[in-house]
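Residue numbers (full-length UniProt numbering): 1 to 725. Don't be surprised by glycine CBs; every beta carbon is placed ideally from N, CA and C. Just so it is clear, the structure is predicted and the values come from calculations on it, not from any experiment. Right, one structure below, let's go through it.
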């Protein structure tokens with residue numbers, strides 16, 4: 001059979017692109033691909049989502065005809081999300097230029113095939129065919145096993161039906177172990193189904209052994225054979241248990257070790273880390289399932305999940321981290337409930353709750369995090385009361401105090417924060433002198449002192465923290481957690497120096513902070529946490545350069561901050577915070593460029609920011625402010641019509657915001673509409689806008705206009721009538 005004809009492709013496109021899509025569809029069919037598309041494969045009365053999902057599930061890959069229309073199509077978006085959720089191979093075929101910010105996140109990391117006007121369509125189709133048929137045998141099994149796993153899932157994950165048996169199970173396990181490098185990853189459901197099938201097979205084998213020996217004993221009727229039966233069965237069981245023990249412990253050690261090693265190392269892409277951890281978790285799940293309810297295996301699984309949650313959270317995969325942390329906490333809770341007298345289960349439970357609380361707090365689920373931290377604190381206190389000299393228990397209690405202290409500081413309860421941080425500090429100094437935990441709690445204490453404006457106490461804590469962190473980082477330079485700690489404490493001391501009016505000292509610490517942040521970001525640009533750190537570091541450094549009058553240096557730092565912030569906002573799914581950060585960075589960059597005389601550059605940055613906000617449909621207030629900036633810079637770029645359009649759009653978004661009226665008046669004046677401009681200039685006299693009197697705002701703006709050679713007769717008239725002369 002022709003392997004090309006075995007490749008089944010789902011064809012996703014926007015209806016507005018039907019003409020071009022039809023050409024591509026026919027060309028794909030002509031090179032031997034089986035192509036599904038909804039126009040002919042779905043009946044009018046069918047549940048279209050259900051039918052489309054069925055077609056996507058049956059397909060070996062997805063060809064997405066990417067255009068301005070398809071990236072805005074709700075149906076296409078759903079099709080791509082569905083395909084990505086099933087880990088299908090997605091092949092983007094570009095037919096016209098598309099703004100990067102509009103490209104679906106599932107698509108932007110892939111290699112595009114271009115079939116735009118002027119390109120050789122035949123060559124593009126051959127590339128699509130090659131992409132569709134690469135590793136097709138393995139991919140066909142991905143599809144086949146995926147369909148059957150979904151059937152098993154829909155049947156309620158029955159232990160008796162729709163599971164793999166015999167050679168088919170061996171084939172599936174072999175398939176899972178030999179994934180080609182470019183092939184789509186198996187889904188969690190793939191792994192669960194195969195692991196469940198193996199566990200069922202093992203149980204059947206154990207039952208068969210016991211049953212076979214029992215029948216033999218009865219049929220022969222000899223007591224000696226019955227005794228032999230028991231001995232052999234026991235040997236078989238012990239051998240199976242030994243193998244399971246070794247395999248389970250090896251697998252759990254693997255996940256635990258991988259999670260810890262990947263957590264703090266540079267140069268390992270986060271997607272690779274997640275994939276390795278997910279595959280390792282699948283192995284742990286399989287072995288734990290085979291071990292049924294054995295506490296040792298369940299504990300190992302929960303511990304591995306706890307470590308996974310930390311690694312995933314540090315890479316910005318908060319939903320996946322929450323899932324792992326919740327599963328871990330539930331596992332330890334079950335163990336503790338079954339054996340409440342066992343200290344180890346309570347220790348494990350407390351540690352898992354701390355990790356779970358951190359992730360909940362990162363997701364802004366404050367009340368849930370607070371409850372989790374309180375439970376952890378109670379558990380740790382009870383444990384330390386029983387064994388007050390145990391270092392591990394003491395350090396666990398220190399962590400719990402730090403969590404409660406951080407919540408208190410967020411509530412502006414500085415005394416409560418310092419009280420809990422002080423308890424943690426005493427435990428750390430007793431059990432872990434000069435360790436990382438001591439440096440971290442000292443940084444927190446400094447932050448609390450700063451909140452009550454006790455600069456000397458804050459500096460003492462910060463400097464001590466810096467000394468410890470420098471020593472630890474020098475010993476282990478590839479440890480990214482220590483590198484990030486060093487970045488943070490440099491930034492904290494820099495901020496303190498600014499409060500003390502020591503700008504040069506602040507600059508030294510902010511430069512050190514930014515250098516570390518750049519190195520971390522460059523080691524893995526896809527890691528959201530490090531990208532956000534770099535935005536903050538570059539922005540802070542830019543502000544200090546601006547403060548000392550180094551405008552060109554400030555512009556370079558603001559430019560880098562904006563570039564990275566914008567890349568995060570375009571890549572994120574829930575991206576309100578990232579959009580806001582990018583918007584604020586754009587404002588600073590525009591101002592810096594304007595100050596260097598680059599009015600065109602300032603305008604371009606402001607326009608790009610406004611376009612990003614407009615396309616997102618979020619943060620209407622930010623969009624209005626961005627449009628007001630566009631209006632201002634357009635005045636100096638010689639585009640009064642553009643300034644007027646932007647000012648009017650900003651006013652339409654926020655009609656009650658009087659600060660937008662001033663740029664509208666300037667644009668009307670420069671467009672020759674003197675009467676309309678005069679009306680606005682005089683309408684707001686006597687008002688206070690943004691904390692300043694309206695006439696002073698007008699006077700300041702007129703001064704800047706004149707500095708750039710812009711003068712109109714109306715300006716003198718308005719100054720006279722507002723009594724500014």
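Query                                                                                                                       : Result
N-terminal and C-terminal residue of the beta strand (DSSP E) that residue 12 is part of                                    : 8-12
Residue span of the alpha helix (DSSP H) that contains residue 373, given as start and end                                  : 366-386
Range of the contiguous alpha helix (DSSP H) that encloses residue 63                                                       : It is not in any alpha helix (DSSP H) - residue 63 instead sits in the beta strand (DSSP E) that spans 61-66.
Presumed contact (8 Å Cβ cut-off) between residue 56 and residue 34, rounded CB distance                                    : With a Cβ gap of about 14 Å, residue 56 and residue 34 do not count as contacting.
Exposure of residue 683, with buried meaning 16 or more beta-carbon neighbours within 10 Å                                  : exposed
Backbone CA spacing between residue 176 and residue 527 [nearest angstrom]                                                  : 28 Å
Rounded straight-line distance, which links the Cα of residue 146 to that of residue 189                                    : 8 Å
Secondary structure of residue 184, DSSP reduced to three states                                                            : coil
Whether residue 520 touches residue 480 by CB criterion (8 Å)                                                               : yes
Which listed residue (154, 664, 626) has its alpha carbon closest to that of residue 641                                    : 664
Backbone secondary structure at residue 113 - three-state DSSP                                                              : strand
Stretch pair the segment 71-85 + the segment 535-544: three plus CB contacts closer than 8 Å                                : no
Cβ neighbour criterion (16 or more within 10 Å) applied to residue 316                                                      : buried
The segment 431-439 / the segment 406-423 touching (three or more Cβ pairs under 8 Å)                                       : no
Other residues of its chain near residue 361: CB distance less than 7 Å, five sequence neighbours each side excluded        : 369
Residue 399 - DSSP class collapsed to helix/strand/coil                                                                     : helix
Assigned secondary structure, residue 563 (DSSP; H/G/I helix, E/B strand, else coil)                                        : helix
Ranges of the alpha helix (DSSP H) found wholly within the UniProt repeat "TPR" (398-431), counting only runs of at least 4 : 414-431
Reference residue 688; option with closest CA among 658, 714, 715, 666                                                      : 658
For residue 640, three-class secondary structure by DSSP                                                                    : helix
Nearest candidate by alpha-carbon position, reference residue 566, set 609, 667, 169                                        : 609
Whole-Å CB distance - residue 564 paired with residue 602, under 8 Å assumed                                                : With a Cβ gap of about 20 Å, residue 564 and residue 602 do not count as contacting.
Rounded straight-line distance, which links the Cα of residue 585 to that of residue 84                                     : 32 Å
Opposing strand residues paired with residue 34 [DSSP bridges]                                                              : 8
Where the alpha helix (DSSP H) containing residue 655 begins and where it ends                                              : Run containing residue 655: none; DSSP gives neither H nor E here.
Start and end residues, alpha helix (DSSP H) containing residue 489                                                         : 480-499
Coil, strand or helix - residue 92 by DSSP                                                                                  : strand
Endpoints, the alpha helix (DSSP H) within which residue 444 is located                                                     : 436-451
Identified DSSP bridge partners for residue 692                                                                             : 689
CA-to-CA distance, residue 326 to residue 350, given in whole angstroms                                                     : 13 Å
Touch test, the segment 450-467 against the segment 490-505, Cβ-Cβ under 8 Å, three pairs minimum                           : yes
Runs of alpha helix (DSSP H) lying entirely within the segment 497-557, each at least 4 residues, in chain order            : 503-523, 528-547
Best match in 408, 656, 427 for proximity to residue 451 [C-alpha to C-alpha]                                               : 408
Classification of residue 71 by the beta-carbon crowding that lies within 10 angstroms, buried from 16 upward               : buried
Extent of the continuous alpha helix (DSSP H) to which residue 101 belongs                                                  : Element bounds for residue 101: n/a, residue is neither H nor E.
Buried or exposed by the 16-neighbour rule on C-beta atoms within 10 Å, applied to residue 756                              : With the chain running from 1 to 725 in the structure shown, residue 756 is simply not present.
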